[in-house]
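Undergrad: Quick one: structure below, then a few questions.
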Amino acid sequence: MPISLVLRRERGEDIRRAEQTYLPADASRDPAEYPLLSGVDPYANTIFNARQMHQLLVEVDRLLSGPLGVAERASLEAVADLCRDARRVHRYLWFIGD
């Protein structure tokens with residue numbers, strides 16, 4: 001499911017973005033393995049804060065450890081990079097659905 005990601009400051013200023021990011025459907029169907037990613041709504045906005053980034057990175061790394069195509073891997077690596085930048089206070093990672 002393609003989704004856009006935006007890293008924002010507390011006051012809403014965009015810091016960085018990743019367009020048309022790929023998230024495997026498995027992540028949305030398995031809340032036991034992907035408790036945060038399973039909550040991403042592909043048709044609305046989902047927001048994560050700095051305190052959630054450790055768990056989000058664990059989930060993205062789990063996806064990266066599986067079989068992926070080149071484009072999917074590059075997309076998930078971009079997600080991981082945004083997660084690392086979002087670990088600072090007053091930063092929020094927005095998953096923007098259609």
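Note that UniProt numbering numbers the sequence shown so that position 3 is 3, with each residue one more than the last. Every residue, glycine too, gets a C-beta built ideally from N, C-alpha and C.
Just to confirm the assignment, what range does the alpha helix (DSSP H) spanning D85 have?
TA: Its alpha helix (DSSP H) spans residues 70-85.
Undergrad: So for L5, helix, strand or coil by DSSP?
TA: Correct three-state label for L5: strand.
Undergrad: Name the two residues that bound the continuous beta strand (DSSP E) containing R17.
TA: It spans 14-22 - the beta strand (DSSP E) in which R17 sits, taken as one unbroken run.
Undergrad: What are the boundary residues of the beta strand (DSSP E) that includes L37?
TA: That residue, L37, is in no beta strand (DSSP E); it is neither H nor E in DSSP.
Undergrad: Reducing DSSP to helix, strand and coil, say where R91 ends up.
TA: It is a strand residue.
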